[in-house]
Amino acid sequence: MGALDHLSNMFDCSGGHSKLKRRKQLQTVEIKIKIDCEGCERKVRRSVEGMRGVTSVEVTPKQNKLTVVGYVEPEKVVARVAHRTGKKAEIWPYIPYDVVEHPYAAGTYDKRAPAGYVRYSQDPQVSHLARASSTEVRYTTAFSDENPTACVVM
Numbered sequence: 001m002g003a004l005d006h007l008s009n010m011f012d013c014s015g016g017h018s019k020l021k022r023r024k025q026l027q028t029v030e031i032k033i034k035i036d037c038e039g040c041e042r043k044v045r046r047s048v049e050g051m052r053g054v055t056s057v058e059v060t061p062k063q064n065k066l067t068v069v070g071y072v073e074p075e076k077v078v079a080r081v082a083h084r085t086g087k088k089a090e091i092w093p094y095i096p097y098d099v100v101e102h103p104y105a106a107g108t109y110d111k112r113a114p115a116g117y118v119r120y121s122q123d124p125q126v127s128h129l130a131r132a133s134s135t136e137v138r139y140t141t142a143f144s145d146e147n148p149t150a151c152v153v154m
């Protein structure tokens with residue numbers, strides 16, 4: 001960008017509207033929506049296929065999951081799917097089982113989660129109460145039957 005461009009941007013009198021649009025980033029949006037049959041699957045797929053910025057759509061009926069890749073905003077995709085299908089849609093609330101430290105802790109485990117996933121909770125009170133501190137984990141594993149060096153401590 002040259003000095004002339006910089007000066008013209010400083011003294012621009014267009015009322016705050018920039019000629020350059022801010023481009024949206026490529027995102028992967030995962031949505032949880034109930035899919036009962038092939039007709040529901042087709043309806044969900046068609047609800048977002050014509051949306052501006054969408055590059056690919058993938059429906060996984062066994063997990064009740066819709067994956068949309070494109071230059072879109074997640075909130076707008078969820079709103080459009082909910083409006084066009086008449087079904088309850090939400091951002092995918094699950095994360096892989098391996099990522100969570102204590103997946104069976106209260107507040108993070110969900111029986112309705114697909115195989116290999118647990119519910120992701122960002123509530124700091126729930127996660128603070130649910131997870132043990134590192135010293136607690138150290139002491140409980142030191143005297144555990146699964147620890148091969150536990151007899152050395154005793």
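FYI, in the UniProt record's numbering the residues of the sequence shown are 1 to 154.
Glycine is no exception: its CB is placed at the ideal position from the N, C-alpha and C atoms.
Exercise. Would you give the residue range spanned by the alpha helix (DSSP H) that A82 belongs to?
Key: It spans P74 to T85 - the alpha helix (DSSP H) in which A82 sits, taken as one unbroken run.
Practice problem: Take the Cβ of A89 as the centre, count every other Cβ of all protein chains shown within 10 Å, and call the residue buried at 16 or more, exposed below. | Solution: It is buried - the Cβ of A89 has at least 16 other Cβ atoms within 10 Å.
Self-check item: Pair within 9 Å by beta-carbon distance, Y117 and I91
Solution: For Y117 and I91, no; Cβs fall outside 9 Å.
Quiz prompt | Contact under 9 Å by Cβ, E41 with V69 | solution = Judged by their CB atoms, E41 and V69 are not nearer to each other than the 9 Å cut-off.
Quiz item: Whose C-alpha, out of D5, R23, F11 and I31, is nearest the C-alpha of K76?
Solution: I31
Quiz item: By a C-beta neighbour count over all protein chains shown, 10 Å radius and 16 as the cutoff for buried, is S8 buried or exposed?
Solution: Exposed is the call here.
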